[in-house]
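So that you can map any letter, position 207 of the sequence shown is 206 in numbering that gives the first Met the number 0, and since no number is skipped, the others follow by simple counting. From the three backbone atoms N, C-alpha and C, an ideal C-beta is built for every residue, glycine too.
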Amino acid sequence: MKLQHLATGALAMVALASLAGMAQARNPHCAGGIQYYSQAMTDKSKQNVEDYQREIGKAVVQLSQCASEDPNDLEALGYLGMAFAEVDSCDAAGQAFEKALAGMKAKGDKKYDWVATNRQSYWVGKFNAGIDKIRTAQAIYPDLGKAPANDQDKQLHEQAMQNLTQAEVTLGKAAQLKPNDSMTLSNLSVAYAMAGDIAKAKAIVDDGLKALPGDTLLVQRQQQYARDMASKQLSGGNYDEAIATFSKATQANARDADAWSSLGDAYFQKAQKTDKDDATKKGDYKSAGDAYSKGSAAKSGDPDMSFNAAVGYSNAGAPVLAVPMWKAVLEKRPDDTEAMSGLASSLADLGKYDEAASWAKKALGVKPDDKNFHRQLGGIYARANNQQESTKELMLFLAMDKGSEVTKVTAPGGSAEAQTMTSEGAPEKIYQWDADGQKYETLAYFKKGRAYTFKAGTLVMKSDWGTAGAATGANKK
């Protein structure tokens, strides 16, 4: 998770205003408080800790009384903010700074910049300290979402979490010093998110957006945390909630490929968990396909999302929508045999058997020893009423699925099987298998695109899926 850019180093505290020319009519608590603050800062610079602590404490008391008795002394109110910041009372400091700056801005007070710069200095100190704690946590245990695997990891994880807790506190004080600062709120939310409290992280940016509507940085964080929460909902089986969240993300940005992908996941997983007889099942698969398809388009034709879209449409019983998605995958990954097989199935569902068989054969051209591709090709032939070719492929599938691989044939010399081995050479695989009480032996020449099945040395069936231009037979469409 990215942090925002740090303020570039703590600002030097601006020199205090001279007290020599102070008007005699100033409230004595205001004048005394400013004097105590000045003395405290002088002793602090000399590392005179005891006097500094005593004097800054008196400054807080005096300036607080001043604010009560003379709230229009805006300069003294600025000093009160600095005094509170010195004793780490950041909430009170932030309130004093805000009142002083608001009043000075309204009056055009020349000391506005002086107060604002001093507040900035205190804020930078807290902000940088908080960011340092986040970075330390990341360095100690980079993947805080990963459960510790051993005792050493547990110790490192605990150290990292302690640093995040310190970051939360310190950045929280920075947010008090400078309310409604989007950079502070963003990084404060990051600290909580890294610690696993996504709900708190989102609440921080939600509140920030009430004061800063439309702030780009906070809007980005809000969308991110909403998705993180939706992902948790999805993993917990709260599909409708996840769908609603991801749908909003896609409405906010139609080019957000990740949001479309997550929405597709939500619909797909919901469909998987729905009873097969439920009328909404296919509709959810269709919605998953739509989401993945839009995600692919938003990501320059991402083949993974095109693949997922094709699967969603196929499960929805929409082969006419699945076909272009399978083809989109193959444009990016021309050797993707799973996409070839999926395209073959969708084309067969549309009754385009010749084209379906062609793609099934292309898959076998890449993986000729994949038994499932042979079964698929046999099934396509069967749907096209080409029983002869179907039997050839399904017999080879049975040999590969039920048979045992052996290293030598059992056929006698001079048999058709022996002659085949003489003419074709040694097969890549030899399968021995039984069917209906009969024993068969299949010689597979995968690289050549053919196989021979024998019974007692006599040829029973030849499968030749590599033959170019082979048709599916009857019922071509």
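Helix, strand or coil at residue i [DSSP, three-state]
i: valine 459; result: strand
i: glutamine 46; result: coil
i: threonine 452; result: strand
i: serine 88; result: coil
i: alanine 6; result: No answer about alanine 6 holds up, because its pLDDT of 44 lies below 50 and its placement is not dependable.
i: serine 403; result: strand
i: alanine 410; result: coil
i: tryptophan 358; result: helix
i: asparagine 252; result: coil
i: aspartate 214; result: coil
i: leucine 143; result: coil
i: threonine 390; result: helix
i: tryptophan 464; result: coil
i: alanine 128; result: helix
i: lysine 109; result: coil
i: leucine 349; result: coil
Between the CA atoms of residue j and residue i - distance to the nearest angstrom
i: glycine 282; j: alanine 315; result: 7 angstroms
i: lysine 269; j: tyrosine 238; result: 6 angstroms
i: isoleucine 379; j: methionine 228; result: 45 angstroms
i: proline 178; j: aspartate 131; result: 21 angstroms
i: leucine 15; j: serine 37; result: With a pLDDT of 43 at leucine 15, under the threshold of 50, the modelled position of that residue is not reliable, and the figure given next carries that caveat. Each residue's alpha carbon lies about 7 angstroms from the other.
i: asparagine 127; j: methionine 103; result: 28 angstroms
i: leucine 62; j: alanine 95; result: 10 angstroms
i: asparagine 47; j: tyrosine 121; result: 20 angstroms
i: threonine 466; j: alanine 362; result: 14 angstroms
i: aspartate 264; j: aspartate 289; result: 11 angstroms
i: leucine 76; j: cysteine 29; result: 9 angstroms
i: isoleucine 55; j: aspartate 150; result: 46 angstroms
i: aspartate 90; j: glutamine 219; result: 27 angstroms
i: serine 181; j: leucine 217; result: 6 angstroms
i: alanine 387; j: valine 405; result: Reading the sequence as shown, one finds glutamine at residue 387 and not alanine. Cα-Cα distance, rounded: 27 angstroms.
i: asparagine 71; j: tyrosine 51; result: 27 angstroms
i: glycine 364; j: asparagine 385; result: 21 angstroms
i: valine 168; j: glycine 129; result: 8 angstroms
i: glutamine 161; j: lysine 298; result: 39 angstroms
i: isoleucine 203; j: glutamine 154; result: 29 angstroms
i: asparagine 307; j: leucine 262; result: 12 angstroms
i: threonine 279; j: arginine 134; result: 47 angstroms
i: threonine 329; j: tyrosine 352; result: Looking at the sequence itself, residue 329 is leucine, so the reference to threonine does not match. Each residue's alpha carbon lies about 19 angstroms from the other.
i: serine 462; j: leucine 395; result: 7 angstroms
Cβ-heavy atom distance, residue i to the ligand SAH, below 7 angstroms
i: serine 357; result: Questions concerning the ligand SAH fall outside what the structure shown contains, since it holds no ligand whatsoever.
Which listed residue (the options) has its alpha carbon closest to that of residue i
i: aspartate 87; options: Ala443, Lys106, Ala173, Ala105; result: Ala173
i: tryptophan 259; options: Ala115, Ser295, Val405, Pro426; result: Ser295
i: alanine 443; options: Met420, Asp435, Thr457, Gly436; result: Met420
i: alanine 417; options: Glu404, Leu458, Lys401; result: Leu458
i: alanine 194; options: Ala99, Asp142, Lys57; result: Asp142
i: lysine 447; options: Asn71, Pro367, Asn384, Ala146; result: Pro367
i: alanine 248; options: Ser462, Gln232, Leu233, Gln222; result: Gln222
i: asparagine 117; options: Gly107, Gly129, Ala99, Ile139; result: Ala99
i: alanine 338; options: Ala398, Ala321, Arg382, Tyr352; result: Ala321
i: proline 27; options: Glu49, Gly436, Ala58, Asp369; result: Ala58
i: isoleucine 429; options: Lys401, Ala308, Tyr224; result: Lys401
i: serine 403; options: Phe372, Arg374, Glu440, Asp369; result: Glu440
i: lysine 407; options: Met394, Thr390, Ser414, Gln431; result: Gln431
i: aspartate 303; options: Val319, Tyr312, Asp348, Lys331; result: Lys331
Any chain C beta carbon closer than 8 angstroms to residue i
i: valine 310; result: Checking the listed chains, one finds no chain C in this structure; it contains a single protein chain.
Per DSSP, the bridge partner or partners of residue i
i: leucine 376; result: Paired residues: none, contrary to the question.
i: threonine 441; result: Tyr430, Thr452
i: glutamate 68; result: Note: glutamate 68 sits in no beta bridge, so no partner.
Can you list the alpha helix (DSSP H) stretches of 4 or more residues lying completely in the region 272-300, in chain order?
Runs found: 279-297.
As an exercise, report each continuous alpha helix (DSSP H) stretch of at least 4 residues that is fully enclosed by the region 172-199, in chain order.
Within the region 172-199, complete alpha helix (DSSP H) segments of at least 4 residues are found at 181-193, given in chain order.
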